[in-house]
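The block underneath contains the structure these notes are about, expressed in structure tokens.
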Amino acid sequence: MNVIIDDRQEKIKYDENMENLIVQAVKESLKEESVSEEVEVSITFVDNESIRELNREYRNKDSETDVLSFPQYDSMDEINMGMCLGDIVISLEKAEEQRILYNHSFEREVLFLTVHSMFHLMGYDHDTEENTKEMRMKEEKVLSHMGILRN
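Read in my numbering, the sequence shown has 120 at position 101, and its numbers run on one by one without any break.
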């Protein structure tokens, strides 16, 4: 498994432990879906302005968001060993705002956004109430396996 983490922002600092937890979150997400660990995932940290630009460019939404997911395949049937599963872009600035809003740790928020995006990369969406419920259950299961519980 290759997880590439690229920090392209300067507003929020984090430590090496956060990167280790992110790699573990990717691994646990793949395990939950029985997807081979022989894939690559790229995670880029940005600020609110950068993610707003990406959101506008790729989703025609001129607003900040917390995370964006960019799968690098057309269907999960195409996934094979060694390929790039996709790219995740997380606004650490937005994660800090949401940490305060939801009254939990910055670590939990970033790990939730990572796991959330991993499930998007693996074909899940929250376009219906039923799909949202399924996705949330899987996200919480992965976080729970990591010992990251809701407050």
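Backbone N, C-alpha and C define an ideal beta-carbon position, used for all residues, glycine too.
Exercise. Rounded to a whole number of angstroms, what is the C-alpha to C-alpha distance between Leu-162 and Lys-50?
Worked result: 12 angstroms
For this session: Quickly, what does DSSP pair Gly-105 with across the bridge? List them, please.
Result: Val-60, Pro-90
For this session: May I ask which residues mark the beginning and end of the beta strand (DSSP E) holding Ile-24?
Result: 21-26
For this session: Could you work out which residue in Ile-62, Arg-127, Ser-110 is closest to Arg-71 when comparing CA atoms only?
Result: Proximity to Arg-71 across Ile-62, Arg-127, Ser-110 peaks at Ser-110, based on C-alpha coordinates.
For this session: Report the residue from Met-141, Ile-24, Asn-39 whose alpha carbon sits nearest the alpha carbon of Asp-93.
Result: Considering only alpha carbons, the answer is Met-141.
Exercise. In angstroms, rounded to a whole number, what distance separates the CA positions of His-139 and Asn-122?
Worked result: 25 angstroms
Problem set entry | Residue nearest to His-135 in terms of C-alpha spacing, selected from Lys-30, Ser-82, Leu-87, Asp-81 | Nearest Cα to His-135 within the set Lys-30, Ser-82, Leu-87, Asp-81: Leu-87.
For this session: Return the CA-CA distance between Met-20 and Glu-112, expressed in angstroms with no decimal places.
Result: 27 angstroms
For this session: Name the residue from Lys-157, Lys-30, Glu-126, Ile-62 whose alpha carbon lies nearest to the alpha carbon of Ile-23.
Result: Ile-62
Exercise. Exposed or buried, Ile-107, counting other C-beta atoms within 10 Å across all chains shown (16 or more means buried)?
Worked result: The residue is buried, with at least 16 neighbouring Cβ atoms inside 10 Å.
Problem set entry | Alpha-carbon spacing of Tyr-174 relative to Phe-89, whole angstroms | Coverage of the chain is limited to positions 20 through 170, which leaves residue 174 absent and any answer about it impossible.
Exercise. Roughly how many angstroms separate the alpha carbons of Ser-55 and Lys-32, rounded to a whole number?
Worked result: Spanning the alpha carbons of Ser-55 and Lys-32 requires a straight line of approximately 31 angstroms.
Exercise. Buried or exposed: Ile-119, going by 16 or more other Cβ atoms within 10 Å of its Cβ?
Worked result: Exposed, because fewer than 16 other Cβ atoms sit within 10 Å of the Cβ of Ile-119.
For this session: Over the uninterrupted alpha helix (DSSP H) stretch that includes Thr-84, give me the two end residues.
Result: From DSSP, Thr-84 is part of no alpha helix (DSSP H); its letter is neither H nor E.
Problem set entry | Residue from Ser-124, Phe-131, Tyr-143, His-145 whose Cα sits closest to the Cα of Glu-159 | Per the Cα distances, Phe-131.
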